[in-house]
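So my numbering is basically just the index in the sequence shown, starting at one, shifted up by 687. See structure below.
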Amino acid sequence: MFLDDLKTARKVSLAILLVTIQLIVISAFGARWTSGSFEVIVTGHGFVVGTSPPYSTLIPYPSNADWWYGLTAVVMYLVLIICFLYVLWTIAQIALPDRIPLDLKMIVFVDVVFSAILTVMLLVAYCFFAGGFGGKTYLPTLGFGYCFWLAITSSLASFAVVIISGLSWYRNN
Numbered sequence: 688m689f690l691d692d693l694k695t696a697r698k699v700s701l702a703i704l705l706v707t708i709q710l711i712v713i714s715a716f717g718a719r720w721t722s723g724s725f726e727v728i729v730t731g732h733g734f735v736v737g738t739s740p741p742y743s744t745l746i747p748y749p750s751n752a753d754w755w756y757g758l759t760a761v762v763m764y765l766v767l768i769i770c771f772l773y774v775l776w777t778i779a780q781i782a783l784p785d786r787i788p789l790d791l792k793m794i795v796f797v798d799v800v801f802s803a804i805l806t807v808m809l810l811v812a813y814c815f816f817a818g819g820f821g822g823k824t825y826l827p828t829l830g831f832g833y834c835f836w837l838a839i840t841s842s843l844a845s846f847a848v849v850i851i852s853g854l855s856w857y858r859n860n
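Okay, structure coming up:
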């Protein structure tokens, strides 16, 4: 099994993490966190705008949006910063392998810690987004857009890296 070999597990987890970072960038700057029709007649409320451009973009979030929308954007900014630091860490491993005093076990452990932090942050962001968004009963035709589902996919992928790298690190430690 490839979990017994740290190098193979590291390659698999690194590939998954780099794809995950791409999904996070797309979902953070994408324009479809919400979806719906543009003019919706809601009984007693008249016309309600469905997904006009400022409400369908997460970063930058609209100034008149609810608190949960802004909190989701702030968490996504933090996620992007952590992803940028991880990419720099990966580049440093490739460009300057002699300058990194860590062995392969510790490098895999860093992958586990990074993907665990990423998974928790993404799930917190999506819980706030979905929880706050689900409370909008006066906008019945709004739904989650493709960026929300990309974000869910990226959190599942980072959780898979936690499992793969964690099991590999545990078996080889």
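Just so it is clear, CB atoms sit at the ideal spot from N, CA and C, and this is done for glycine as well. Every value quoted in this text rests on a predicted model; they were computed, and no experiment measured them.
How would you write the range of the alpha helix (DSSP H) that residue i sits in, first residue to last?
| i | result |
| --- | --- |
| Ile850 | 833-858 |
| Ile787 | Where Ile787 is concerned, there is no enclosing alpha helix (DSSP H), given that its DSSP letter is neither H nor E. |
Roughly how many angstroms separate the alpha carbons of residue i and residue j, rounded to a whole number?
| i | j | result |
| --- | --- | --- |
| Asn859 | Ala702 | 20 angstroms |
| Ala779 | Ile794 | 12 angstroms |
| Leu758 | Ala812 | 7 angstroms |
| Asp691 | Phe796 | 15 angstroms |
| Val774 | Tyr756 | 27 angstroms |
Under the three-state reduction of DSSP, which class applies to residue i: helix, strand or coil?
| i | result |
| --- | --- |
| Gly818 | helix |
| Asp691 | helix |
| Gly717 | coil |
| Tyr742 | With a pLDDT of 46 at Tyr742, under the threshold of 50, the modelled position of this residue cannot be trusted; read the value that follows with caution. In this structure, Tyr742 counts as helix in the three-state DSSP scheme. |
Let me make sure I understand the geometry here. Which of the options has the alpha-carbon closest to that of residue i?
| i | options | result |
| --- | --- | --- |
| Leu772 | Leu758, Val761, Leu805 | Leu805 |
Decide if the stretch 710-720 is in contact with the stretch 847-858; the criterion is three or more beta carbon pairs, one per stretch, under 8 angstroms apart. Output reads no: the stretch 847-858 does not touch the stretch 710-720.
Does the stretch 786-806 come close enough to the stretch 834-850 to have 3 or more Cβ pairs within less than 8 angstroms? Touching, per the Cβ criterion.
State whether the stretch 784-796 contacts the stretch 830-839, with contact taken as three or more CB pairs (one from each stretch) at a distance under 8 angstroms. no
Pairing CB atoms from the stretch 763-777 with CB atoms from the stretch 689-698, are three or more of them under 8 angstroms? no
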